[in-house]
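Student: Okay, handing you the structure first.
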Amino acid sequence: MARFRIVPLLCLIPFLFTLQACEPIVPLNSPEELTAFQQEMLDAVNALRQEGCQCGNQQYAPTHRLSWNALLAQAAERHAKDMASHKHFGHKGTDGSTFSDRIESTGYRYANASENIAHGFSDVMAVMEAWKKSPGHCKNLMDPGVREMGAAKVSTYWVQNFAASLN
353 MARFRIVPLL
363 CLIPFLFTLQ
373 ACEPIVPLNS
383 PEELTAFQQE
393 MLDAVNALRQ
403 EGCQCGNQQY
413 APTHRLSWNA
423 LLAQAAERHA
433 KDMASHKHFG
443 HKGTDGSTFS
453 DRIESTGYRY
463 ANASENIAHG
473 FSDVMAVMEA
483 WKKSPGHCKN
493 LMDPGVREMG
503 AAKVSTYWVQ
513 NFAASLN
């Protein structure tokens with residue numbers, strides 16, 4: 353009888369060696385994957401959210417930090433490239449796409465989403481100051497209903513996407 357109990361255990365040996373050879377699992381969008389620009393933008397947004405902010409006549413209390421999402425960044429980059437290559441500035445793309453179209457085209461499913469765009473700013477701090485002074489953009493920055501963000505800059509065209517995933 354003892355021999356039959358050992359056989360199933362012997363079958364596990366190859367599996368255990370396979371597990372040892374595996375690389376450690378790194379979550380998608382871990383901080384190590386972010387570019388310097390992405391990290392600076394995420395840090396700037398989260399610093400503002402932790403402080404709270406006056407957006408026009410609306411005071412926003414401090415709120416939770418956001419996580420970076422590569423799909424939201426991909427949608428932002430698509431729009432920033434479109435605006436830069438066509439010297440166009442607007443929330444609607446030259447192909448007629450809306451920010452929700454661009455986000456959905458990445459496969460990202462969301463319950464709540466918004467977009468900030470800007471043009472002509474040289475660095476993250478300058479564009480963040482401009483967005484803070486615009487009540488609608490500031491509201492997007494401070495929205496407690498979103499959990500993730502992605503952003504892109506092409507030339508002097510800036511795009512931020514914010515959303516709460518359904519996944």
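Heads up: the sequence shown runs through residues 353 to 519, numbered per my numbering.
Ideal placement from N, C-alpha and C gives every residue a C-beta, glycine not left out.
1) Under a three-way DSSP split, which group does K505 fall into?
2) Determine, using beta-carbon pairs with one atom in the segment 468 to 487 and one in the segment 403 to 416, whether at least three such pairs fall under 8 Å.
3) Our contact map puts Y412 next to M494 with C-beta atoms below 8 Å; I'd like the distance itself, whole angstroms only.
4) Which whole-angstrom value is the C-beta distance of N519 and M501, which I expect to be below 8 Å?
5) Is R454 closer than 8 Å to A482 when the C-beta atoms are compared?
6) Go ahead and pull the three-state DSSP assignment for A465.
7) Do A463 and W510 have their C-beta atoms within less than 8 Å of each other?
8) Out of Q390, M393 and G404, state which residue places its alpha-carbon closest to the alpha-carbon of P496.
9) Here's a check: name, in chain order, each residue in its chain whose Cβ is nearer than 6 Å to the Cβ of M393, leaving out the five neighbours to either side.
10) Going by beta carbon distance, what residues of the same chain come within less than 8 Å of F451, once the five residues before and after it are set aside?
11) Within its chain, find whatever has a CB closer than 6 Å to the CB of H438; leave out the 5 residues flanking it on each side and keep chain order.
12) Are there 16 or more other CB atoms within 10 angstroms of the CB of T415, so buried, or fewer, so exposed?
13) Quick one: residues in its chain with C-beta nearer than 6 Å to the C-beta of K491, no 5 flanking neighbours on either side, listed in chain order?
Tutor: From the atom records:
1) Looking up residue 505 in the sequence shown gives position 153. Correct three-state label for K505: strand.
2) yes
3) Against the sequence shown, residue 412 aligns to sequence position 60. Against the sequence shown, residue 494 aligns to sequence position 142. That belief holds up - the Cβ atoms of Y412 and M494 are roughly 4 Å apart, short of 8 Å.
4) Looking up residue 519 in the sequence shown gives position 167. Looking up residue 501 in the sequence shown gives position 149. Actually they are not in contact, since the Cβ atoms of N519 and M501 sit about 16 Å apart, beyond 8 Å.
5) The sequence position of residue 482 within the sequence shown is 130, counting from 1. The sequence position of residue 454 within the sequence shown is 102, counting from 1. In this structure, R454 does not lie closer than 8 Å to A482 by Cβ.
6) In the sequence shown, counting from the first residue as 1, residue 465 sits at position 113. Looking at A465 - three-state DSSP - the assignment turns out to be strand.
7) As a first step, residue 463 must be located in the sequence shown, where it is residue number 111. As a first step, residue 510 must be located in the sequence shown, where it is residue number 158. No, they are not a contact pair.
8) Numbered from 1 along the sequence shown, position 144 holds the residue referred to as residue 496. The candidate whose alpha carbon is nearest that of P496 is G404.
9) Here residue 393 corresponds to residue number 41 of the sequence shown, with the count starting at 1. Hits under 6 Å: V476 and A503.
10) Counting from 1 along the sequence shown, the entry for residue 451 is found at position 99. Contacts found: A427, H431, H443, A465, S466, E467 and N513.
11) Your numbering for residue 438 matches position 86 in the sequence shown. Excluding residues within five positions, the ones whose Cβ falls inside 6 Å are T446.
12) As a first step, residue 415 is located in the sequence shown; it is residue number 63 there, counting from the start. T415 should be labelled buried.
13) Residue 491 sits at position 139 when you count from the first residue of the sequence shown. Here the set comprises C407.
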